[in-house]
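Take 1424 as the starting number for the sequence shown in my numbering and just add one per residue.
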Amino acid sequence: MQPPYTKPSNSSPSSANPDNTNRTNLHRLQQQSVRDLAWCCFSAPMMQELPGCNAHILPLDNQSLWPWLQALDQQPKPLLDHLAQLKSTRLGIYYEALWHFYFANHPQWKLLQHNLQIDRAGITLGAFDFLCQHGDEYWHIETAVKFYLCSTRNPLEAYEWKYWIGPEGKDRLDLKLNHLRQHQLPLHQTAEAREPLATLYPTVNHWNTGLCLQGYLFSPAQHPSQPAFSHTSHAHGAWWYASQFLAQLAEKETGHWLVLERKRWLSPAQTEGVEQLLGNDQLAEKIREELISSARPLLIAAMAKQSDTKTECWIETERLFVVADDWPTNLSDPA
């Protein structure tokens, strides 16, 4: 089912949430995993709303979280021990584990179930990411982190979800959103789910539905765009064809760059020490060696030195994808 597309306002997306205050607080956190958890708590959701379902879009900006996160940064062992139990290095699993820790440990929430499986005649229909209690309210919450690139420069087409695709062509925004609203989010309303929920929680008459869908949306370079119903402050960047970016890089003044490994795709990058950064020529060489040979897109952060810190600290100022010149070769034309 196609969404009822509407044209967003003319205002372009603001700087990727967290806003400037939250970004400053993020950079003051020393632990990468705590910064990533803070990013989950404060980064704007990808979608402002999700037509066709009654899900509440989460998270909501809650500044009262900062003392809890700062205390965790000073004593991160509980979070590190929690993450050490992961058997997968997939970014989506890591993202879900951060929310798992949040719901299990934040004093405002009580985690009831994680990945409770629902079956029909021995066949798995799905699993609840999280069942939680918040005060007197009960919640079914689904989580997902995604990275999509707009595959069209036509501003009218860019509003349509089907033109936003994963960097490796294995995912599409329309398919993900339709799966969420048609299958994952209504799971607690199915006959198969109502029976175990009633058995486990007989006094609960109503489950709120929540969606934590975060990530980054990347527009074609010099063609800012956004899909219908996306959050105006969603985290965003640009993408370039390799040949175009290399040409731009050759004309740029000396820059400082960091190629981001997948495990560092969440919170804005930061590092101590310039020796970890690449100059223009080094970055160009890495693009030629790794991207052009493998055709696997690279996520790159432009870095700038912080002037208000006691120790040397470089922080991300923008991020971009660089893709092969024939990208996306493994995709059929969106249906």
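All C-beta atoms in this analysis are idealised placements derived from N, C-alpha and C, irrespective of residue type, glycine included.
Using a 10 angstroms sphere on the CB of Lys1675, the tally of other CB atoms stays under 16, which defines it as exposed.
For Tyr1582 and Asn1601, the gap between their C-alpha atoms comes out near 16 Å. Residue environment: Glu1684 is assigned as exposed (fewer than 16 neighbouring CB atoms within 10 Å of its CB, all protein chains considered).
Spanning the alpha carbons of Leu1598 and Cys1555 requires a straight line of approximately 27 Å.
Take Arg1604, set aside five residues on each side of it, and the residues of its chain with a beta-carbon closer than 7 Å to its own are Leu1473, Gly1475 and Cys1476, in chain order.
Judged by DSSP in its simplified three-state form, Gly1633 adopts strand.
According to the DSSP secondary-structure assignment, Arg1543 is paired through a beta bridge with Ile1546.
Inter-residue distance for Gln1693 and Ile1738 is about 4 Å (C-alpha atoms, whole angstroms).
Counting along the chain, His1659 sits inside the beta strand (DSSP E) bounded by residues His1659 to Tyr1664.
Remark: C-beta atoms of Leu1669 and Asn1703 do not approach each other more closely than 7 Å. Taking the Cβ atoms as the reference, Leu1701 lies roughly 5 Å from Trp1680, within the contact range of under 8 Å. Taking C-alpha positions only, Thr1566 is separated from Trp1522 by approximately 8 Å. Taking the C-beta atoms as reference points, Gln1540 is found nearer than 7 Å to Ala1550.
In the same chain as Cys1464, and ignoring 5 residues on each side of it, the C-beta atoms closer than 8 Å to its own belong to Pro1482, Asn1485, Leu1488, Leu1492 and Tyr1525, in chain order. Taking C-beta atoms under 8 Å as the contact rule, Arg1576 and His1646 qualify, at a distance of about 5 Å. Look at Thr1575 here: in three-state DSSP terms it is coil, with no helix or strand label.
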